[in-house]
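**Q**
In my numbering, the protein residues as written are 1347 to 1466.
(1) Following the continuous beta strand (DSSP E) through residue 1352, name the residue where it begins and the one where it ends.
(2) Going by DSSP in three states, residue 1395 sits in which element: helix, strand or coil?
(3) Starting from residue 1427, trace the beta strand (DSSP E) in both directions and tell me its first and last residue.
(4) So, for residue 1397: in the same chain, excluding its five sequence neighbours on each side, which residues have a beta-carbon less than 8 Å away from its beta-carbon?
(5) For residue 1442, report the span of its alpha helix (DSSP H) as first-last.
Below, the structure written as structure tokens:
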């Protein structure tokens, strides 16, 4: 993470993966480095933005790809949405509404709600 966008500014808070002792700690709680091919993960929705200048969209892309490749049990329940506009946390009202609708659709699907019936 330290090589992408503002990631280097997080070293003071999270540690530096190029430092062996920091890396030993970081990899213990890193979701990316702890994907278990045999685990049955719940459905997951990763959201990112191509225009995010603080958290590179590559993080969500990599995590999605890793879950799909290494955890086939969860493959059909792993979603990625990447907005092409906006930024880190400043969407327009239209983008915000779309994000809320996307989350409702996602949760509705996995909670067994009939989202099609409620949309009409």
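C-beta atoms are modelled at their ideal positions from N, C-alpha and C, and glycine is treated no differently.
**A** On the basis of the data shown:
(1) No beta strand (DSSP E) contains residue 1352, which DSSP labels as neither H nor E.
(2) strand
(3) 1424-1429
(4) 1429, 1430, 1431, 1432 and 1433
(5) 1439-1457
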